[in-house]
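Asker:
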Amino acid sequence: MFKNFFNKKKSFAVNIFPGDQEISISRGETLLAGALRSGLAWPHKCQVGSCGRCRCKILEGKIRPEIDFNYVLDPVDVASGFVLACQSTAKTDIKVSVDLIHKRK
Amino acid sequence: MKKLYVNVRYLIVPVMTVTTIIGLFIGGIYAWIGVFLFGINTILDTLTKDIHLKADFDEDGNSYGIKIFQYSVMYLMLPIFIILQLALANNLYKFIYLEVLEISELVGSILSCGLWAGLGIIYGHELSHNKREGFNVSRAIMALSGASHFTYAHVYNHHLDLGHEDDPATAPRGRNVYAHAWLSHAGQSKFSYDLENAKLKKLNKSFFSLQNKWLLGYLYSLPSIILFVWSGGLVGVIALFIVWVISNFLLEALNFMGHYGLIRETGKPVEHRHSWDNDNLFTSWFFIEIGRQCDHHVRGETYFWELDDVKGPNYGIGYFSLFVLALIPSLFRKFTQKHLDNWDQNYATGAEKEIVNKYYVNELLQKASK
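As you go down the protein sequences, you meet chains A and B in turn.
Residues 1 to 105 in our numbering are what the first sequence lists, from first letter to last.
Residues 1001 to 1370 in our numbering are what the second sequence lists, from first letter to last.
(1) Put Glu-1126 (chain B) into one of helix, strand or coil per three-state DSSP.
(2) Name the residue from B:Ser-1192, B:His-1180, B:Glu-1126 whose alpha carbon lies nearest to the alpha carbon of Phe-1287 (chain B).
(3) Where DSSP assigns a beta bridge to Asn-1280 (chain B), which residues make up the other side?
(4) Determine, using beta-carbon pairs with one atom in the region 1173–1193 of chain B and one in the region 1105–1116 of chain B, whether at least three such pairs fall under 8 Å.
(5) In the region 1147–1166 of chain B, which residues sit with their C-beta less than 7 Å from some C-beta in chain A, listed in chain order?
(6) Have a look at the DSSP bridge pairing and note the partners of Leu-84 (chain A).
(7) Please check if any C-beta of chain A sits within less than 8 Å of the C-beta of Gly-1258 (chain B).
(8) Identify, in the order they occur along the chain, each residue of the same chain with its Cβ nearer than 7 Å to the Cβ of Gly-1114 (chain B), setting aside the five sequence neighbours on each side.
(9) Just checking: is the beta-carbon of Gly-1300 (chain B) within a distance shorter than 8 Å of some beta-carbon in chain A?
(10) Could you name the residues of the region 1240–1270 of chain B whose beta carbon sits closer than 8 Å to any beta carbon of chain A, in the order they occur along the chain?
(11) Got a sec: is the Cβ-Cβ distance from Arg-104 (chain A) to anything in chain B below 8 Å?
(12) Does any C-beta atom of chain A lie closer than 8 Å to the C-beta of Lys-1358 (chain B)?
(13) Measure from the alpha carbon of Val-1013 (chain B) to the alpha carbon of each residue in B:Lys-1054, B:Tyr-1071, B:Lys-1358, B:Met-1077, then state which is nearest.
(14) Could you work out which residue in A:Lys-10, A:Lys-8, A:Ile-23 is closest to Lys-95 (chain A) when comparing CA atoms only?
(15) At a Cβ threshold of 8 Å, is His-1129 (chain B) touching chain A?
(16) Quick check: what's the CA-CA separation for Gly-1312 (chain B) versus His-1259 (chain B)?
(17) Give a yes or no on contact between the region 1192–1210 of chain B and the region 1146–1153 of chain B, applying the rule of three or more CB pairs nearer than 8 Å.
(18) Taking the beta strand (DSSP E) that Arg-1139 (chain B) belongs to, which residues open and close that run?
(19) Answer with buried or exposed for Phe-1323 (chain B), where buried requires no fewer than 16 other C-beta atoms within 10 angstroms of its C-beta.
(20) Could you check if Met-1016 (chain B) belongs to the surroundings of the ligand SAM, using beta carbon to heavy atom distance under 7 Å?
(21) Going by the CB atoms, is the gap between Ile-1263 (chain B) and Val-1356 (chain B) shorter than 8 Å?
(22) Out of B:Leu-1160, B:Glu-1165, B:His-1185, B:Met-1074, state which residue places its alpha-carbon closest to the alpha-carbon of Gly-1134 (chain B).
(23) Do you know whose CA, among B:Thr-1336, B:Asn-1278, B:Ser-1231, lies nearest Leu-1086 (chain B)'s CA?
(24) Does Gln-1366 (chain B) pass the burial test, meaning 16 or more other C-beta atoms within 10 Å, or should it be called exposed?
(25) To the nearest angstrom, report how far apart Lys-105 (chain A) and Val-98 (chain A) are at their CA atoms.
(26) Excluding the 5 residues preceding and the 5 following Gln-1293 (chain B) in the sequence, name in chain order all residues of the same chain whose CB lies nearer than 7 Å to its CB.
(27) Contact between the region 1094–1104 of chain B and the region 1037–1044 of chain B: three or more CB pairs below 8 Å?
(28) In the DSSP assignment, what residue or residues form a beta bridge with Gln-21 (chain A)?
(29) Taking 8 Å as the threshold (beta carbon to beta carbon), is Leu-1215 (chain B) in contact with chain A?
(30) Using a Cβ-Cβ cut-off of 8 Å, state whether Leu-1219 (chain B) counts as contacting chain A.
(31) What are the start and end residues of the alpha helix (DSSP H) that includes Pro-1313 (chain B)?
(32) Below 9 Å on C-beta distance, what does Asn-15 (chain A) contact in chain B?
(33) Using only the alpha-carbon positions, how far apart do Glu-60 (chain A) and Leu-1281 (chain B) sit?
(34) Under a Cβ-count criterion, where at least 16 other Cβ atoms within 10 Å of its own Cβ denotes burial, should Pro-1269 (chain B) be classed as buried or exposed?
(35) Does Glu-1105 (chain B) come out as helix, strand or coil in the three-state DSSP assignment?
(36) Are the CB atoms of Cys-46 (chain A) and Ala-85 (chain A) within a distance shorter than 8 Å?
Below, the structure is given as C-alpha cells:
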C-alpha cells in the first residue's frame, strides 16, 4: 500500500512534438522551467500564469495544474488538453505538443 | 552561521507585529507601540539608506534561504494577523461595554492595528505567487484587510500589464499617492470582478457561484466585520473601516513607489527597467525583499530570499523614507523628477521615449503655452 508513496519518481520524461525531443523534468518542477533549463526555446512571457504565451497541448500522460487554466485559456481548449506550461507539473511521463520558437516561421 | 543570519534577518515584521499585539493587550501607553515602531523604522530605514546588499548564495550558487522555515513564518503570519484583530476587538469591547479603556488607548490601538495589518500585507503579496495552500493563505491574509481581490489582480493584471495604462497599480507621472490608493484599489477590484465574470461566462456558470473568487474573497472578510460589529457596534465598524483604509493605503503606497511614472510599450516583455528598486538594508530585511521589484517582475515566482540587485532603476532610498516623501506630493514629485529624467535618458527605449513625449512632455508644453 505504501510502496508507491515511498517510491515516488523523482523525475519524468517529457517528449516534445513536433521534433520528438526528450527532456527530463524533476518532480514539482514546471514544464516550462524544465524546458528552459534544458535550453529549449519554449515560448513564454510572464511565467506566472497570466499571459498564456506558454500554452501547449498534452498528448499523453498526466499533469498537475497549479492554477485554474480557465482564466487564461478557453474551457474548450482546456477540455481538449491545452495547459499552461508555466503552471503545470508532471504526474507521469508526458508527451506534449508545442510550437517552439525556432520552429516558428 | 551564514544560514542563520540570512534567515533570521527577515523576522523583523513578525517580531514587531507580536510586540504590537502585546502592546494592545497591555493597553495604556503601550497601545501606541505599533505607531512608535513605525516611527522607529522610518529612522532606521533612513539611517541605512546607503547600505545595499546582494542576495546571499554559497560557492555552488545555492541560496542560504531555508524554504521550510520562511514558509512556516509566512503561514504563521495568518494567525498572528487574526490575533492582531482580536486584540483590537478586545480593546473595543473594553471601551464600549466595560468602559475601562481611555479613548486615547482606543485610538492608539486602531492606528497600531491598521499600520501593522498594512505592513503585514507583504506576506499576502509573497504568497500570491504561490499555488494552492500558499495562494489561499494569501487570500485569507488579504481578506483581513478587505482586499482579497488583490491576489488575483496582482498576478493576472499587475504582472501582465505593468507599466501600461491597463494596470491600475502602476501610477502615471503626476498622480499623488492619495489618488493612487483609491484608483488602484478600485481598479484592481474591478479587474478581478471582470476576470471572474469572463471566466464564469465561459464556463456557463452563474455570477452567484462558489467559483466566483471575487465574491468569495469579500465573503472571507465577513468574519472580521462580524467580530467588530459584535465587539464595538457602530464604533467597531468605524474602527475596522479605519484599519482597512490604513492597511490598503500602505499596500497601494508600495505599488505607487514600485512603479511610479514608468512606462512599457504595449506587447513588449516586462524588463528590469519597468520597476523601481528599493533595496537598502532595512527595507530589504523588513519588507522581505519586496523592494527588489526589478528582479521580482522578471522572475515572478522566485523566492524572495533569492531576488537580487539587477542594476535596475533605483531611488536610492528605502520604502519608509520614500513613503514619508510620498505623503507630501510636491516633495515626492521634486524628488522623483531627477530619477525619472535619468530613466528617460538611460533606460527607456525609443518607443518608450515617444510615449513619454506624447503623454507628458507635450502636455507640459501645452500647459506652459496657456
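Heads up, the beta-carbon is just placed ideally off N, CA and C, and yes, glycines get one too.
This one's a predicted model, so the numbers in the text were calculated from it and none came from an experiment.
Answerer: Walking through what the data contain:
(1) Three-state DSSP puts Glu-1126 (chain B) in a helix.
(2) Ranking B:Ser-1192, B:His-1180, B:Glu-1126 by Cα distance to Phe-1287 (chain B) puts B:Glu-1126 first.
(3) Beta-bridge partners assigned by DSSP to Asn-1280 (chain B): B:His-1052.
(4) Fewer than three pairs of CB atoms, one per stretch, sit closer than 8 Å, so the region 1173–1193 of chain B makes no contact with the region 1105–1116 of chain B.
(5) Within the region 1147–1166 of chain B, the residues whose Cβ lies closer than 7 Å to some Cβ of chain A are Val-1155, Tyr-1156, His-1159, Leu-1160, listed in chain order.
(6) Per DSSP, the beta bridge partners of Leu-84 (chain A) are A:Arg-55.
(7) At a cut-off of 8 Å, the C-beta of Gly-1258 (chain B) has no neighbouring C-beta in chain A.
(8) Around Gly-1114 (chain B): Ile-1242, Val-1243, Ile-1246, Ser-1247.
(9) At least one chain A Cβ lies under 8 Å of Gly-1300 (chain B).
(10) Listed in sequence order: Pro-1269, Val-1270.
(11) Note that Arg-104 (chain A) scores 44 on pLDDT, short of 50, meaning its location in the model is unreliable and no value can be drawn from it.
(12) No, because no Cβ of chain A sits closer than 8 Å to the Cβ of Lys-1358 (chain B).
(13) Of the listed residues, the one whose Cα sits closest to Val-1013 (chain B) is B:Met-1077.
(14) Comparing Cα positions, the closest option is A:Ile-23.
(15) Proximity of His-1129 (chain B) to chain A, defined by a Cβ-Cβ separation below 8 Å, is satisfied.
(16) Separation of Gly-1312 (chain B) and His-1259 (chain B) (C-alpha to C-alpha, rounded to the nearest whole angstrom) is 12 Å.
(17) Touching, yes, given that three or more Cβ pairs across the two stretches are closer than 8 Å.
(18) For Arg-1139 (chain B), no beta strand (DSSP E) run applies; the uninterrupted alpha helix (DSSP H) run containing it begins and ends at 1133–1143, by DSSP.
(19) That one is buried.
(20) Inclusion of the ligand SAM in the displayed structure is not the case, the ligand content being empty and no account of it being possible.
(21) Pairing Val-1356 (chain B) with Ile-1263 (chain B) gives a Cβ-Cβ distance under 8 Å.
(22) The candidate whose alpha carbon is nearest that of Gly-1134 (chain B) is B:Met-1074.
(23) Distance check between Leu-1086 (chain B) and each of B:Thr-1336, B:Asn-1278, B:Ser-1231 places B:Ser-1231 closest, using alpha-carbon atoms only.
(24) The residue in question, Gln-1366 (chain B), is exposed, as its Cβ has fewer than 16 Cβ neighbours within 10 Å.
(25) Per-residue confidence for Lys-105 (chain A) stands at a pLDDT of 40, beneath the threshold of 50, marking its modelled position as unreliable; no derived number is given.
(26) Counting only Cβ-Cβ distances below 7 Å, and skipping sequence neighbours, we find Gly-1258, Ser-1275, Trp-1276, Asp-1277.
(27) Contact between the region 1094–1104 of chain B and the region 1037–1044 of chain B is absent, because fewer than three Cβ pairs lie under 8 Å.
(28) The secondary-structure analysis by DSSP pairs Gln-21 (chain A) across a beta bridge with A:Ile-16.
(29) No, because no Cβ of chain A sits closer than 8 Å to the Cβ of Leu-1215 (chain B).
(30) Cβ-Cβ to chain A under 8 Å: no for Leu-1219 (chain B).
(31) Per DSSP, Pro-1313 (chain B) belongs to no alpha helix (DSSP H) and is neither H nor E.
(32) In chain order: nothing, as chain B lies at least about 25 Å away.
(33) So the two alpha carbons sit approximately 49 Å from each other.
(34) Pro-1269 (chain B) is classed as exposed because its beta carbon has fewer than 16 other beta carbons within 10 Å across all chains shown.
(35) The three-state reading of DSSP puts Glu-1105 (chain B) in helix, counting H, G and I together.
(36) Taking 8 Å as the Cβ cut-off, Ala-85 (chain A) and Cys-46 (chain A) do not qualify as a contacting pair.
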